[in-house]
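One structure below.
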Amino acid sequence: MHEVSVVAELFEIIYENVNRYNLKRVDKIILRIGEFTCIEENGLRFAFEGMSKETICENAALIIQRIKARAYCDACKESFYINYTNKICPKCNQFSSNIMTGYELLLEKIEGE
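Using our numbering, you'd call the opening residue of the sequence shown number 45 and step up by one each time.
As structure tokens, then:
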């Protein structure tokens with residue numbers, strides 16, 4: 045379950061910012077996660093709940109925004125949505141390995157006081 049290691053890294057970044065901005069509590073954390081990351085949302089939430097107990101993040105809302113995977117077609121210069129099994133451009137039917145989005149794991153925002 046690599047979600048635990050993801051949350052551990054997340055907490056390191058959160059605490060760097062808590063110290064930098066002298067926050068007393070964290071109210072909301074917004075993550076943007078690409079659909080190709082293989083991060084399981086329920087596992088991530090479970091790890092976050094467990095690791096945030098008795099910390100500055102204990103009552104923080106964890107907002108997860110999914111990023112759909114997109115590729116760019118070099119043949120017709122179009123971008124299009126893809127999935128694991130289909131990376132064929134719907135306009136020209138060419139295969140594209142030029143993946144633009146879908147592998148992101150971004151801490152978008154930390155809100156607190």
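Where is the CB? At the ideal position from N, CA and C, for every residue including glycine. Since the structure is predicted, the reported quantities are computational estimates derived from the model, not experimental observations.
With respect to the C-alpha of Arg114, the residue from Leu151, Ser123, Thr129, Ile108 having the closest C-alpha is Ser123.
Shortest Cα-Cα distance from Tyr128 to any of Ala119, Lys112, Lys121 involves Lys112. By a beta-carbon distance limit of 8 Å, Cys117 contacts Cys133. Their separation comes to about 4 Å.
From the listed residues Leu67, Val50, Gln138, the smallest Cα separation to Cys82 is found for Val50.
Here the segment 60–69 does not lie against the segment 88–95, with fewer than 3 beta-carbon pairs under 8 Å apart.
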